[in-house]
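Peer 1:
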Amino acid sequence: MLGLEIAIKTIDLTKKFGKLVAVDHINIEIRKGEIFGLLGPNGAGKTTTIHMLATILKPTEGTAIVGGYDILREPKEVRKIIGIVFQDTTVDRNLTGFENMWVYGKLYGLSGSILRDRILELLRFVELEDWKDVTLRKYSGGMIRRLEIARSLLNGPDILFLDEPTLGLDPHTRVHIWDYIRRIQKERNITILLTTHYLEEADALCDRLAIIDFGKIIAMGTPDELKSKISGDSIYLKVDKSDREKLHRFISRVSEELNTQPKLLSDSRIMIVVLNAPIAIPKLFEVASECGVAILELTYSRPTLNDVFIKLTGRSIRDISGSALDFIRLRRATRFGRR
Amino acid sequence: MGSFQNEFVASFYLQVKRFWRAKSRVLGSIIQPLFWMIFFGAGFARSVRFPGPSSPYMSFLIPGVILMTVFMASFFSGVSIIWDKEFGFMKVVLVSPASRRITLLGRIAGDALIATFQGLMISLVAYVLAPDLNYLCIPLVLGVAFLVSLATSSIGIILASKIRSFEGFGLIMNLISMPLIFASGVFFPVETMPDWMKVIAYISPLTYGVDIARGLMLGVSSIDPMIDLMAVSILSVVLVSLATLLFEKTTIE
Chain Z
378 MLGLEIAIKT IDLTKKFGKL VAVDHINIEI RKGEIFGLLG PNGAGKTTTI
428 HMLATILKPT EGTAIVGGYD ILREPKEVRK IIGIVFQDTT VDRNLTGFEN
478 MWVYGKLYGL SGSILRDRIL ELLRFVELED WKDVTLRKYS GGMIRRLEIA
528 RSLLNGPDIL FLDEPTLGLD PHTRVHIWDY IRRIQKERNI TILLTTHYLE
578 EADALCDRLA IIDFGKIIAM GTPDELKSKI SGDSIYLKVD KSDREKLHRF
628 ISRVSEELNT QPKLLSDSRI MIVVLNAPIA IPKLFEVASE CGVAILELTY
678 SRPTLNDVFI KLTGRSIRDI SGSALDFIRL RRATRFGRR
Chain G
85 MGSFQNEFVA SFYLQVKRFW RAKSRVLGSI IQPLFWMIFF GAGFARSVRF
135 PGPSSPYMSF LIPGVILMTV FMASFFSGVS IIWDKEFGFM KVVLVSPASR
185 RITLLGRIAG DALIATFQGL MISLVAYVLA PDLNYLCIPL VLGVAFLVSL
235 ATSSIGIILA SKIRSFEGFG LIMNLISMPL IFASGVFFPV ETMPDWMKVI
285 AYISPLTYGV DIARGLMLGV SSIDPMIDLM AVSILSVVLV SLATLLFEKT
335 TIE
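Dropping the structure here:
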């Protein structure tokens, strides 16, 4: 693997709940120090995957190596080196921030001044130091999330699992949480596996990601790699049209040079679809100046991860009603499976 | 310090702190026993001439109600492990490298301490209602109550391990705890019970606790106190072991 160390490797990891296959033979390798995202709609199998990797759910088939330890044979070793923030909050609202951290630290065998110092350092990190003696009933959703993130770092984990870390938070708070996650990766050199169904989150945060749907990995790569699987970028141009002849020469030259068919849009802009806009744009300026056409305005848009998901599944990840239905269906199947 | 202490302390502390912070729970826990004492005790004493012990009914009832308070409190906290499973803190325990057995022991001990504290509170009220009982032995009564609540909290945890829904919580609370209380000699002596009820009485740790308490405070008992003590101890050990064994195998979902 090009000398890159692997933090997590799953081998045909599978989980069935009765007839429902929640996670279907997934094989992923997560490199040390990267932020890896599992992107998919609700009920795709993201949480189930994380629960198996964190050793609290037994796989039906396959296994995984987490930080060098097998989740089936050495669960206790795995538990020591991971931190996790669950999708649902797992704090006690009757306790203060400090007390919640303290109980957690005790479970990891920490005590005395070491535990105290670590709690204070981490509370400072998530900017909750002033709130440490306030019961969580007075915390906002974002603050509880921050506390849980701080708490997950108490045992000094090598690998951190974040299950939908910004679920239900407002956009401002979300960006704030992203900041912490990036800093955890950079300053503490922790490998992070996060799940999300927010496209912007996967795009903004992840070094690499896997798109998961109905328990199967359907695509994997950096956000840019994934997006480059889509036809290309769209460039929108506004040019000086006073000289029709120059304009026509410009358009035909562009179509030759960039091997694409420029389209004149109704709002009198020109749309050009290219494979890679950052490479194509300098060329456009070159051609324009050769033809003596002035470019007044240029914008381009890159394909989004949603475009990628649509291309792969024919459904939109944003399609709330669809994914909610899938979710209910999964929940129902899961319930039956248990009986 | 060994990690034994840490895990034990963590869950013990959590149970006690939770209770202490929930003021309504502190008060609510003694309201029901109080009603039993005041309304049932006072009303029943006047309407029926109690055939068993020669003492007034209130004095007969009070040692039982003290133990019942402890029983209900520890049963409630035992079963409320369902909440932890559903609302998450259990996941934190399961995903940590901490020993599950020791974590659960800490929890049971915490439950028992809270329950015993509630027994103390109701004892203070009882003193006002029936001052003629022997209150000097309350520390001993509470010691026995602590033993009983170890067993009861474990029963709650064992039952909760088979239940996944909140609806199940109410069902267990009513279906199991009420018959156990009625069959344990709190309101009427075991001797006068029909045989089928006696069967329940003899497997209930509460029966023996009530009998010891009544023996100490009122001087009336139906079973040899040494047998009482042995029965409570054996039931506690067995039930606590069973609870930890089941918890060891807990997974989410």
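If you read the protein sequences in the order shown, they are chains Z and G. Each step along the first sequence adds one to the number in this note's numbering, with nothing skipped, and position 185 is 562. Each step along the second sequence adds one to the number in this note's numbering, with nothing skipped, and position 55 is 139. Here a beta-carbon is modelled for each residue, glycine too, at the ideal position from N, C-alpha and C. Small disclaimer: the values here were computed from a predicted structure and weren't measured.
Per DSSP, what kind of secondary structure is ILE448 (chain Z) in: helix, strand or coil?
Peer 2: coil
Peer 1: I want to see whether chain G comes within less than 8 angstroms of GLU476 (chain Z), judged by CB atoms only; does it?
Peer 2: yes
Peer 1: Please confirm if ALA297 (chain G) has its CB atom under 8 angstroms from at least one CB of chain Z.
Peer 2: By the rule that beta-carbons nearer than 8 angstroms mark a contact, ALA297 (chain G) does not touch chain Z.
Peer 1: Which runs of the alpha helix (DSSP H), 4 residues or longer, sit entirely within the region 183-208 of chain G?
Peer 2: As far as the region 183-208 of chain G is concerned, it has no whole alpha helix (DSSP H) run of at least 4 residues.
Peer 1: On the DSSP letters alone, give me the boundaries of the alpha helix (DSSP H) that PHE351 (chain Z) sits inside.
Peer 2: The structure shown does not extend to residue 351 (chain Z), since chain Z is modelled only from 378 through 716, so no value can be given for it.
Peer 1: Just the Cα atoms here: how many angstroms apart are PRO600 (chain Z) and GLY486 (chain Z)?
Peer 2: 39 angstroms
Peer 1: By the 7 angstroms beta-carbon criterion, what residues does the region 460-485 of chain Z contribute toward chain G?
Peer 2: Of all residues in the region 460-485 of chain Z, ILE461, PHE463, ASP465, THR466, THR467, ASP469, ASN471, LEU472, GLU476, VAL480, TYR481, LYS483, LEU484, TYR485 have a Cβ within less than 7 angstroms of some Cβ in chain G.
Peer 1: Can you find at least 3 beta carbon pairs, one from the region 184-198 of chain G and one from the region 87-105 of chain G, that sit closer than 8 angstroms?
Peer 2: yes
Peer 1: What do you reckon, are the CB atoms on ARG630 (chain Z) and CYS668 (chain Z) nearer than 8 angstroms?
Peer 2: yes
Peer 1: Which residues in chain Z sit within 9 angstroms of SER161 (chain G), going by Cβ to Cβ distance?
Peer 2: Within 9 angstroms Cβ-Cβ: nothing; SER161 (chain G) doesn't reach chain Z, min ~14 angstroms.
Peer 1: Going by DSSP, what residue range makes up the beta strand (DSSP E) through MET597 (chain Z)?
Peer 2: 593-598
Peer 1: Could you tell me whether the region 484-501 of chain Z touches the region 459-466 of chain Z, where touching means 3 or more Cβ pairs closer than 8 angstroms?
Peer 2: no
Peer 1: What I want to know is whether the C-beta of LEU652 (chain Z) ends up closer than 7 angstroms to one or more non-hydrogen atoms of the ligand GDP.
Peer 2: The ligand GDP is not among the ligands present in this structure, which contains no ligands whatsoever.
Peer 1: Do the CB positions of ALA596 (chain Z) and ILE607 (chain Z) come within less than 8 angstroms of each other?
Peer 2: no
Peer 1: Helix, strand or coil, according to DSSP, for SER735 (chain Z) in the structure here?
Peer 2: Any answer about residue 735 (chain Z) is impossible in this case: the structure gives chain Z only from 378 up to 716.
Peer 1: Relative to the alpha-carbon of SER565 (chain Z), which residue among Z:ALA527, Z:LEU546, Z:THR425, Z:GLU602 has its alpha-carbon at the smallest distance?
Peer 2: The question names Ser, yet the displayed sequence has Arg at residue 565 (chain Z). Checking every option, the nearest Cα to that of ARG565 (chain Z) belongs to Z:ALA527.
Peer 1: Would you give the residue range spanned by the alpha helix (DSSP H) that ILE628 (chain Z) belongs to?
Peer 2: Here the alpha helix (DSSP H) through ILE628 (chain Z) covers 621-634.
Peer 1: Interface residues of chain G around ARG456 (chain Z) at Cβ under 8 angstroms?
Peer 2: VAL179, SER180, PRO181
Peer 1: Measure the Cβ-Cβ separation of LEU434 (chain Z) and ILE385 (chain Z) and say whether it is below 8 angstroms.
Peer 2: no
Peer 1: Using the Cβ count rule (16 or more neighbours within 10 Å means buried), how would you classify ARG456 (chain Z)?
Peer 2: buried
Peer 1: Are the C-beta of LYS175 (chain G) and some C-beta of chain Z separated by less than 8 angstroms?
Peer 2: yes
Peer 1: Which residues in chain Z have a C-beta closer than 9 angstroms to the C-beta of TYR286 (chain G)? List them in chain order.
Peer 2: Going along chain Z, no residue has its Cβ under 9 angstroms from TYR286 (chain G), so there is no contact; the nearest lies around 35 angstroms.
Peer 1: Taking 8 angstroms as the threshold (beta carbon to beta carbon), is LEU33 (chain G) in contact with chain Z?
Peer 2: Since the first residue of chain G shown is 85 and the last is 337, residue 33 (chain G) is not available in this structure.
Peer 1: Rounded to a whole number of angstroms, what is the C-alpha to C-alpha distance between THR334 (chain G) and LYS175 (chain G)?
Peer 2: 10 angstroms
Peer 1: Tell me whether the beta-carbon of GLN202 (chain G) lies closer than 8 angstroms to the beta-carbon of THR153 (chain G).
Peer 2: Yes, they are a contact pair.
Peer 1: Where does GLU602 (chain Z) land, buried or exposed, given buried means 16+ other C-beta within 10 angstroms?
Peer 2: An exposed status is given to GLU602 (chain Z), since fewer than 16 other beta-carbon atoms sit within 10 Å of its beta-carbon.
Peer 1: From which residue to which residue does the alpha helix (DSSP H) around GLU251 (chain G) run?
Peer 2: From DSSP, the alpha helix (DSSP H) with GLU251 (chain G) extends over 250-256.
Peer 1: How many angstroms separate the CA atom of ASP295 (chain G) from the CA atom of THR543 (chain Z)?
Peer 2: 56 angstroms
Peer 1: Roughly how many angstroms separate the alpha carbons of THR387 (chain Z) and PRO436 (chain Z), rounded to a whole number?
Peer 2: 11 angstroms
Peer 1: Note down, in chain order, all residues in the region 503-527 of chain Z with a beta-carbon under 8 angstroms from any beta-carbon belonging to chain G.
Peer 2: THR512
Peer 1: Quick check: the Cα distance between MET281 (chain G) and ALA267 (chain G), rounded to an integer number of angstroms?
Peer 2: 6 angstroms
Peer 1: Taking one C-beta from the region 608-627 of chain Z and one from the region 670-679 of chain Z each time, how about it: are there three or more such pairs within less than 8 angstroms?
Peer 2: Look at the beta carbons and you see the region 608-627 of chain Z touching the region 670-679 of chain Z: at least three pairs across the two are nearer than 8 angstroms.
Peer 1: Using the beta-carbon of each residue, which ones in chain G are nearer than 9 angstroms to LYS435 (chain Z)?
Peer 2: THR335
Peer 1: What are the complete alpha helix (DSSP H) segments, minimum 4 residues, inside the region 434-513 of chain Z?
Peer 2: 452-458, 474-484, 489-502
Peer 1: Going by alpha carbons, who is nearest to ALA402 (chain Z) out of Z:PHE591, Z:ARG621, Z:THR550?
Peer 2: The residue you asked about is not Ala; residue 402 (chain Z) is His in the sequence shown. Checked all of Z:PHE591, Z:ARG621, Z:THR550; the closest Cα to HIS402 (chain Z) is Z:PHE591.
Peer 1: Please state whether the Cβ-Cβ distance between LEU531 (chain Z) and ILE521 (chain Z) is less than 8 angstroms.
Peer 2: no
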